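First the structure, in the form of structure tokens, and then the observations on it.
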Amino acid sequence: MYRLEDLNPVQQLAVVHREGPLLILAGAGSGKTRVLTYRIAHLIAQGVEPWEILAITFTNKAAQEMRERAGTLVGSEGRGLWVTTFHSACVRILRQEIGNLPGYTRDFVIYDSGDQQSVLKTCLKELNLDDKKFPARAVGAVISEAKNKLLDQDNFEQQSGDYSQHQIAKVYRAYQKRLKVSNALDFDDLIMLTVSIFRQNPEVLSRYQERFRYILVDEYQDTNHAQYSLVKLLAARYRNLCVVGDDDQSVYGFRGADVQNILDFERDYPEAKVLKLEQNYRSTQSILEAANSVVCNNTERKEKSLWTKNPKGQPLIFYVADDEQDESRYVAERIKRLRNLEGRPLNDFAILYRTNAQSRVLEERLMKEGIPYRIFSEHKFYERLEIKDILAYLRVLSNPADIVNFVRILNVPKRGLGGTSLAKVLEYTEEQKMPILEAILEADYIPDLQPKARKSILAFAQLMQSLKELVNNETSVYKLVEEILNRTGYRDPLITDNTPESQARLENIAEFLSVTDEYDKKASQSKPVAADELGVELTPGLSGFLEQVSLVAEIGQLDQQEAAVVLMTMHSAKGLEFPVVFIVGLEEGIFPSIRSDLEPGLIEEERRLCYVALTRAREKVYLCHAGQRMLYGRRQYNSRSRFLEEIPYNLLEEIDPIDPPARQPKKLKSTEFSSRVSSTGLNSSAFGSPARKLGTPLVENVQEEFRLNDKVGHDKFGQGIIMGVKGEGHQTVLTINFQGQLKQLIAEYAKLTRLKA
DNA sequence: CCGATTTCCGCACAG
DNA sequence: CGGAAATCGG
7 MYRLEDLNPV QQLAVVHREG PLLILAGAGS GKTRVLTYRI AHLIAQGVEP
57 WEILAITFTN KAAQEMRERA GTLVGSEGRG LWVTTFHSAC VRILRQEIGN
107 LPGYTRDFVI YDSGDQQSVL KTCLKELNLD DKKFPARAVG AVISEAKNKL
157 LDQDNFEQQS GDYSQHQIAK VYRAYQKRLK VSNALDFDDL IMLTVSIFRQ
207 NPEVLSRYQE RFRYILVDEY QDTNHAQYSL VKLLAARYRN LCVVGDDDQS
257 VYGFRGADVQ NILDFERDYP EAKVLKLEQN YRSTQSILEA ANSVVCNNTE
307 RKEKSLWTKN PKGQPLIFYV ADDEQDESRY VAERIKRLRN LEGRPLNDFA
357 ILYRTNAQSR VLEERLMKEG IPYRIFSEHK FYERLEIKDI LAYLRVLSNP
407 ADIVNFVRIL NVPKRGLGGT SLAKVLEYTE EQKMPILEAI LEADYIPDLQ
457 PKARKSILAF AQLMQSLKEL VNNETSVYKL VEEILNRTGY RDPLITDNTP
507 ESQARLENIA EFLSVTDEYD KKASQSKPVA ADELGVELTP GLSGFLEQVS
557 LVAEIGQLDQ QEAAVVLMTM HSAKGLEFPV VFIVGLEEGI FPSIRSDLEP
607 GLIEEERRLC YVALTRAREK VYLCHAGQRM LYGRRQYNSR SRFLEEIPYN
657 LLEEIDPIDP PARQPKKLKS TEFSSRVSST GLNSSAFGSP ARKLGTPLVE
707 NVQEEFRLND KVGHDKFGQG IIMGVKGEGH QTVLTINFQG QLKQLIAEYA
757 KLTRLKA
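Numbering (the numbering used here), first residue to last: 7 to 763.
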């Protein structure tokens, strides 16, 4: 059972709000998952049927967490409730409504980005496009972007202007054609085509509108246009749409997320109720204040001010490293000391970086120091070569038209069938317009094949035929995979090899087998009983298994409970929290990334990322800057990240209080922030300003008109207290706390009056 | 056709 | 620098 008393007043309002649109602006650590799950429980308690509720998240992890937490609140009352990702919801709808998409059957397969890539390469070759001018990756990105904007191949062609766009429009068309031949959809299609079916078939849409009378969307700031439209369509009738998000945490612009969706919610739904969850339960005041003062430099954002009842905590610690080696040494050393001095377990620590390339040095250091660590999101289980191979067998068996996966396995293991034979097979398949797996049964009629190749293809065809019988006899997935492995001899070369890599592959295969076994067992229990099964219906058999795999992409991570420091990008840290957080590489050109210099708006996204990173921490934040850094095989000299300058000085300390006080721990001198080295790595003298060493004061006579903690008055913002002083003379920038609202003002222009304390 | 060698290229990323 | 793809030679 759930208790409303466990929630703060605003959270309660969010939970009990019943009819009509609701926008919940949920700051970092404000208990939004709690609100969402309680809201689901409350709706059900108020008599809403669970199957009338649709809760959408972005990641499987979030969906699973929400399912579990909702499950403990409502128990078996939750049967029929949908708590899923956008993609998984769309797949379920599409399996049902695929009849509205000519050319597709319900066995359709989902192509991942790798599969997508190989289809694109074929298309580019077919159209004789220079793959230097049109790299498959880039073209794929354009097509994906188009789909996220709901532009199908016709719309895209219409709105394409220059030559290059017209060429891409051709590729787009060819690409869709090839997907259809393979009875395949890519991830972006799942959303775009669901929307398209809804738009073209009002009676279909109507059924779903009637069913999902209450819709909840998590991380609404991350929705792209297609997802936004999908939600809008579904909610159009009952308008019981509750969206939760934080515009300050929108960091996925690069994959089509549009912050405007959340900013415009009140325009789309004028009757919307808006609630702000501003109490943070996670971080210390210092951390929160630092995060706020960084993000308040952004212009396009909803005003909000996070606060907390938590203690002030210690200042954020700032370390200037010589280079990336020194940086990693510092991090490792700090972790060791905090473990010794404060008895912290390894799981307390997270190291966050901007790009994956930064992880290696850290890894090497941790390894050397014997500190157990775990890299979050190394490449995905289902994307490993051997797993993809086995999956390719399964996919072709389930969908005989699947060309990409056919190509993948034709010569795996080695059957002496290379590009030449493959081309002939493909040509024949295209002419005959039949599924490729059926085409090769007629290998005798395929022209121009070498006798050896012909024989080999026929043998392969018969092998697949025999495996297909197993599928038809509803053999368990486990048994099927075992038969594939045995009959193809897939593991033989790995066993012979006996290298560490081949050993790892064999282990992965063994793990895959246990995944299939688990699936067989789970799916055969017809009723979802346990609470954690809310919203997951497993179809027994191969197709159900494949769907699960396509949508989940990551294997249940149960065995990763062992204590270890975690390393991850700031992006993947979103939604997580740690007692101690290290943020490394605070350098212009790294973080913020080099690209934010030119593209407008990008810097604001980087700043939000900084906000996300800082607010992951509960107790302590360590910030590192390296004066020089080896990256991508070249040495870079970067100046300090502007984000460091945006944190008020009184919240930063350069000497960690856990150090023995050799000298008095000093506050950072503001002058140390004013000098910058140009990001080209050359010193700035070439640009007119005199070369000088970092740390040397720029201005000799500092007029200290305003000092920390001075009380000041402003005719617009009222009374405030100075939280930070940065820069000198004309450039002095003050960070002022006006009743919880942090503002950064230029002292010279702000017309401030000094008040007596 | 296959393995070895060279060349190329580089943000963030779930589904 | 390191991984993936392209190219070369047997």
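Where is the CB? At the ideal position from N, CA and C, for every residue including glycine. Bear in mind that the values here come from a model prediction, so they are computed numbers and not experimental data.
Following the continuous alpha helix (DSSP H) through residue i, name the residue where it begins and the one where it ends.
| i | result |
| --- | --- |
| Ala-467 | 457-478 |
| Val-125 | 119-132 |
| Ala-180 | 169-187 |
| Pro-15 | 15-22 |
| Cys-96 | 92-103 |
| Asp-523 | 506-530 |
| Arg-635 | Counting along the chain, Arg-635 falls outside any alpha helix (DSSP H), though it belongs to the beta strand (DSSP E) covering 634-637. |
| Asp-498 | 498-503 |
| Arg-143 | 142-154 |
| Asp-195 | 193-206 |
| Ile-409 | 409-416 |
Along the chain, where does the beta strand (DSSP E) that runs through residue i open and close?
| i | result |
| --- | --- |
| Met-574 | 571-575 |
| Gly-251 | 247-251 |
| Asn-743 | 739-744 |
| His-385 | Looking at the DSSP string, His-385 is not in any beta strand (DSSP E), and its letter there is neither H nor E. |
| Lys-279 | 279-283 |
| Phe-584 | 584-589 |
Please report the straight-line C-alpha distance between residue i and residue j, rounded to a whole angstrom.
| i | j | result |
| --- | --- | --- |
| Leu-372 | Ala-338 | 6 Å |
| Arg-213 | Phe-204 | 10 Å |
| Ser-599 | Phe-260 | 13 Å |
| Asp-329 | Ile-293 | 26 Å |
| Ala-232 | Lys-580 | 22 Å |
| Glu-103 | Leu-199 | 10 Å |
| Lys-374 | Gln-17 | 47 Å |
| Ala-263 | Tyr-178 | 21 Å |
| Gly-26 | Leu-592 | 44 Å |
| Glu-11 | Arg-45 | 13 Å |
| Asn-246 | Ala-278 | 10 Å |
| Ile-174 | Leu-211 | 32 Å |
| Ala-537 | Thr-78 | Below a pLDDT of 50, predicted positions are generally treated as unreliable, and Ala-537, at 38, falls in that range; no measurement from the model is reported. |
| Glu-369 | Thr-426 | 44 Å |
| Val-477 | Lys-310 | 57 Å |
| Leu-236 | Ala-190 | 21 Å |
| Asp-523 | Phe-551 | 11 Å |
| Leu-740 | Met-576 | 28 Å |
| Phe-412 | Glu-272 | 49 Å |
| Ile-727 | Pro-654 | 12 Å |
| Arg-497 | Glu-58 | 48 Å |
Please confirm whether residue i and residue j have their CB atoms less than 9 Å apart.
| i | j | result |
| --- | --- | --- |
| Arg-350 | Val-572 | no |
| Leu-31 | Ile-268 | yes |
| Arg-624 | Arg-288 | yes |
| Arg-414 | Lys-394 | yes |
| Phe-466 | Leu-512 | no |
| Leu-548 | Ala-297 | no |
| Glu-767 | Val-300 | What is shown of the chain runs 7 to 763, which leaves residue 767 out entirely. |
| Ile-409 | Ser-602 | no |
| Glu-583 | Gly-35 | yes |
| Ser-404 | Val-115 | yes |
| Tyr-220 | Leu-29 | no |
| Cys-616 | Phe-597 | yes |
| Asp-254 | Asn-304 | yes |
| Leu-455 | Pro-406 | no |
| Val-487 | Ile-396 | yes |
| Lys-138 | Asp-195 | no |
Handout entry: Segment contact flag, the region 347-364 with the region 301-320, C-beta cutoff 8 Å, min 3 pairs
Key = no
Handout entry: Minimum length 3: unbroken beta strand (DSSP E) runs contained in the region 322-382
Key = 322-327, 355-359, 379-381
Exercise for the section: Taking 8 Å as the threshold, find out whether the region 428-447 comes into contact with the region 514-525 through three or more Cβ pairs. Expected result: no
Handout entry: Stretch pair the region 86-96 + the region 159-169: three plus CB contacts closer than 8 Å
Key = no
Practice task
Decide if the region 474-484 is in contact with the region 520-529; the criterion is three or more beta carbon pairs, one per stretch, under 8 Å apart.
Solution key: yes
Handout entry: Inter-stretch contact (C-beta, 8 Å, three-pair minimum) for the region 639-651 and the region 48-65
Key = no
Practice task
Say whether the region 607-618 touches the region 274-287, bearing in mind that this needs 3 or more beta-carbon pairs closer than 8 Å, one atom from each stretch.
Solution key: no
Practice task
Please confirm if the region 265-280 is in contact with the region 210-230, defined as three or more CB-CB distances below 8 Å between the two stretches.
Solution key: yes
Problem - Complete beta strand (DSSP E) runs within the region 11-72 (minimum length 3 residues, chain order) - result: 28-32, 59-63
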